Each structure stands twice: as structure tokens, then as C-alpha cells.
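Residue numbers for the sequence shown follow full-length UniProt numbering, beginning at 1 and rising by one. All C-beta atoms, glycine included, are put in the ideal place defined by N, C-alpha and C. Because the structure is a prediction, the values reported are computed rather than measured.
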Amino acid sequence: MSRSPYRDDGARPAKRPRPDAPPDLSADLSSIPEVKLLIVENNAQVRPKHRRHQRDFLNHAFDALGAAAKQDPSRAEVALSFLAEMATKHQELPRSSIMSKVLYMWCTPDLVESGIRAVESLLWNRAKLPEAFLGAFDERVAAVALRLAVQSSVVDVALFRRILDALPESAFKRRVFNPLFVYCHNAADVSLCFEFFDMARTKGLEMWDNDYKEVLCTIAAAREKAAVTAAEAAERTNLVLDEMSRNHPVLGAANAQLVRELLGGTVSPVSDEGVCSHCGAQLQSFDLSPEDRAALVHDLVEKLVKPRLQGFSRYEPDTEVSEDIIGQRWREFEEFKAAAETMSYDTVIDGANVGYYGLSSWYAEAKDSLLRSRGVDPSSVPSSERFNVPFPVDVAPKFSLIEDMRIAAERNGKKTVIVLHNRHLAQPTPENATYAQRWRDMSALLPSPPFLNDDYCWLYAVLTRQDSCIISNDQMRDHYFRVLQPRFFLRWRQRHRITYKAFYNRTARATSLRIYLPRAYSVWVQACGAASQYHWHVPYISDIDVIHQATNQTISTNASIDLGKDGDDECTDWICTWRNS
């Protein structure tokens, strides 16, 4: 229940006392004139929240001095002097958020060398101030430090290794390696490139299209300079494709062209059945082993479901989560699991995704109907509330659309179960209530617990049933899908997601649904053949040069395919590297 702002006696509670203002900072805190001015400015503040304790002030001062150097590079010496003073006089280092911010500001030609000196100063204090260093150095700092290091007029490769060595094992992320790959490309240094490439692989990092482009460009540049032979370049390219075959489904056109240059190959259409027109091979269909599926289910429960036991839900914003409620929620999830286990199905319908299909075209009508059911005249409600769809959606999905989908799937030989959030079933309209009862009578309705996102529930229902599919147009790109093991999840999604479209017949004034079953093969970089016939099939998108997975944007001309961060499962063409000898 919601908490009242009043006490039991009806009076408002007393205001919380304001925290005491931090005391004045000592003028001896720093010997640097620019910092002394900041101390005076701090001590002159009247409002407590504008005054800083010493540690916060030290971070603020370094941030301010770094920003001043951005405007006037000659002032970088002041910031560097203060960084040294923080370490020697106060045994402090800037927080990683401040350090990365300043280093990022200094990634300009005039400040690169100053930025490298700041990085060197930080690393020098690693052993002297281990606790402060842990708070000052993380993967954000490492990534921008490497960006600076590769821009130096005299590049120090040993500095690269010192930066990487300073990162905790669990702190590595993909972006740390990209500046290194860029440097190796410019230097045509294949050996160094693969030192970092192998390090990233060993740490289980999944590289993106722009990373692979730099690696392949490094190989091509080295071959052009005769630093490696054509055979050595081909061997290295095979290693890159082998890594792609694990976690990078589709390439941009630039990488596809590089593969053709390094290995040879032909653009080869692939039939609907998955047969290559060039070599005649049948493309593979990748699916998950029982162990892989079990790993995904474990991730789902541990990373998505369990955190919701103690968290607030946007559907229950006023619920106070006590130990009793946590226990009740776990029992509800166990009941959901038990219900799913007893049901007979091979296909799950994402009820909300289907039921809200084309929502923008019918939202206003549904909202007016909802208002009337509550005794509210729609004309008395502002237009913005009647026509703009809020989040979460405040009208029910169309159960009639879900029923149409159930029938369409049945015609395709599918045995379905419908997953819907419990809130859609609590007070249904008379029409929706009729459909819901029909599904219950058929044992085809699986409500998700109130505290859980229904996406988690349909995903659980599909993953725990061998060879089952999900009917949904959800691209599964939300942040919670990305916490699942990526390479497993992407392969599962390609093989188990059934998509659909709705078609409106103007003459008959009727809507029909068409479903699209998964392909007979996987759109994924894949090896084929054995020994002398060993070669690759590489899917790519011809009008996207580089897939920029970090932003969902592409570097392209008139790209015809909307591509997501995960590389998606669409392609326009295939390369076959088989050579007819």
C-alpha cells in the first residue's frame, strides 16, 4: 500500500534536519594558485549543498583544471601538477569517472602528450597508492588511455601492455581493444594485432563489426607490404572467420570485401532450402544443445527473475516488498513453472506483442472505450491523453488478434499456448473475457505473475521446452535480453522465433495474419567441407559498409535493412570462398 505523508495523529511529520554544511577548506590544501582560488570560491558558498568536503573538492578541482586545459592547452601543466600533488600530499587520486572525463577531453592533438603524462602518473601510483588506484582506474579510463596512447607522436607499445595489465581480470570490455586494433592496422603489425586479438578471445569478449574490420585491414596491409605471405594472410583470416562463426552472424560489406580479397570467393545466392549456388553445399542450421539451453534458463532465472523478487514493478509501484512478499512472489513463479510443465505445446504466443499489433491505429478508440467504462466523458480528457500511447500501455491488448494468431498457428500444425501478463486478465472487457475463458478451457492460457515482465515468462516457457518456438515480432534487443549469454541467445533466436504480418483486405474488410517460420538454415558465418575442400560461407549486407552495433546506426548509403546491436539475422548476399580446383 502507498505511504501517507501524514502521521497517525493527522499532523505532517517534522522535516528532516538539514545536514551540517562542510567546514571551510584549509588554504593550505594546495600550493597551486588556481586551486587556491577554487578553495576561496568553495568557502564562500552559503548553501550547504554547494560546499564540498575535501575529497569531493579534490575531484572537482581536477575536473575544473582539466576543462580549463581543454580551452587553453597551455594550462594542462597546472592540472598535471595538481594530479601529482593529490598523490603526494593527500594520497588521493581522482575518481575513475573524473579521470576518464578529463582524459577524454584531452583526446585532441594539442593535449595528447599531456594526456599520456596523466596516464603515466596514474600508473606510477599503482603500487604506491593501491586503494586509491582501484577507485581511479577502470575500463573506462583504460579505454580512453589507450585512445591517447595510440595517438602519441612516438607510440610506446609497452604502455599499451601496462594499461592492460592494470585492469582487473573481470573489468575487460570490448571497447578497450578497439584503439589497439586501429593502431595495428595503421602500423600493419599482424603479430601485435593478434596478440591483442587472442587476449580478447581468451577473456571471452565478443567483438563487433568495426573491430573485425580493423583486424582484417591489418592482415591486408601487412600482405600488401609483404610483411606476411599470401598463405600466412589466409591462415590469419581463417582464424578471424573462426571467431566470427562463434558470435558474429552477419558482416558489413567492407568486411565481406576484405574476406574476398584475402581468401578469394564468389558472391553466391543461397536457395530457400539453404543450398549454395556456387559449391552446392547445404548450409547448416545451428541450434543449442540441451546444455546450452540449460545455461540460458539459468541466466534467465538468476539475472532476470530473481532480481524482480525484491524489486518494485511499474505495474505495482506502491507495493512495499517485505520478506513475506518475496516469499509469495517466489511461490507464484514456482506455480507458473508448474503450470507450464503440465501444458502441451510446441509454440508460445507472445500475447502482448500480438495483441498490441498496430496499436497506434486503434489506441484512441480503445482509450475512449476505457474512459466510458469508468464513467468519464472522453471529450473532457485532453487530446494528448487520448491519442498519445503511454508506457506502460493503459489499454488492454486485442484478444481477438491473439485468437486469430492462435488459429493461424494451428493451421500451420502448431500447438500453442498464450502467455499474457496477469494484469490483462484481472478486469477484462466482456469480449476479452470470452476469449480468455475459451483459452482456459483449452489449457492454452499461461498467465505471467504480476511482479514479472511477461517477456521473461514466455522466454522461460520456450527455453524449457525442446524444439518449441515463440511467435513474436519482438526483436529481443532490450537490455534484459542482452544480459543473457549472447552467442547462445542469438543462435536460439534465429532458430526459434516465428514472425508475422497482418494484411487488411479492403474488399472483404477483414484482416488476415501470415506467419513466417524460421529458415531451414542459419544466417551465420559458417565453415563447410573438410581438408582440401574446407571453405567458408559468409553472409553480409551489401549496402551497409560497417555495422555500428554500439549505436544501432550504420555507415552506409541507403541501407535497406534495419540492423540492431546484435547483428540481427538478415543478410542480402553470401560469399562462398570455395575454389574449384
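Rounded separation between residue i and residue j - CA only
i	j	result
V190	C528	26 Å
D292	S384	47 Å
F197	L359	46 Å
M405	C469	14 Å
D211	S369	52 Å
P450	S30	57 Å
R174	R162	17 Å
R506	I407	21 Å
I541	A142	33 Å
K213	Q328	51 Å
V389	S361	10 Å
Y183	A158	14 Å
S344	R497	19 Å
D455	L38	51 Å
D394	N432	15 Å
A69	W106	8 Å
R331	I325	10 Å
T429	Q310	32 Å
Y357	A366	13 Å
F181	V419	45 Å
F503	R246	37 Å
E131	D138	13 Å
E335	L304	17 Å
D20	P392	41 Å
Same chain, Cβ closer than 8 Å to residue i, five either side skipped, listed in chain order
i	result
A188	T218, A221, A222, E224, K225, A227
L216	T237, V240, N255, L258, V259, L262
S251	The sequence as given places Leu at residue 251; Ser does not occur at that position. Hits under 8 Å: D209, Y212, M244, V259, V525, V538, P539, Y540, I541, I547.
L111	A69, K70, P73, A76, M105
W574	V267, S268, P269, V270, C276, H537, V538, P539, Y540
Sequence-distant residues of its chain with Cβ nearer than 7 Å to residue i (five each side left out)
i	result
A295	Q485, F488
H60	R52
Q284	Y521, S522, Q526
T551	Residue placement at T551 is flagged as unreliable, the pLDDT there being 46, under the threshold of 50; the coordinate-derived value follows with that caveat. If we look at T551 and ignore the five residues flanking it on each side, it has no Cβ neighbours.
G264	T577, R579
I116	L148, A149, S152
L58	M86, H90, E92
Beta-carbon spacing of residue i, residue j below 8 Å
i	j	result
I349	I515	no
residue 593	P179	Residue 593 is absent from the structure shown; the chain starts at 1 and stops at 581.
P382	L371	no
I32	E85	yes
F160	A171	no
D63	V35	no
D545	A253	yes
T347	K306	no
L122	M99	yes
Y435	E410	no
R95	G66	no
V297	L463	yes
Same chain, Cβ closer than 6 Å to residue i, neighbours up to 5 away in sequence not counted
i	result
R495	D287, P518
H421	S448, D454
S277	S268, P269
residue 670	Coverage of the chain is limited to positions 1 through 581, which leaves residue 670 absent and any answer about it impossible.
L401	V354, G355, Y357
Bridge partners - residue i, DSSP secondary structure assignment
i	result
H537	Q526, C576
S512	F503
I418	I349, L445
T266	C576
C276	V270
R497	I470
Nearest-angstrom Cβ-Cβ length linking residue i and residue j, presumed shorter than 8 Å
i	j	result
H535	C576	7 Å
P397	A352	6 Å
L490	P249	6 Å
Beta carbon proximity, residue i to chain D, threshold 8 Å
i	result
I39	The structure shown contains no chain D; it is built from a single protein chain.
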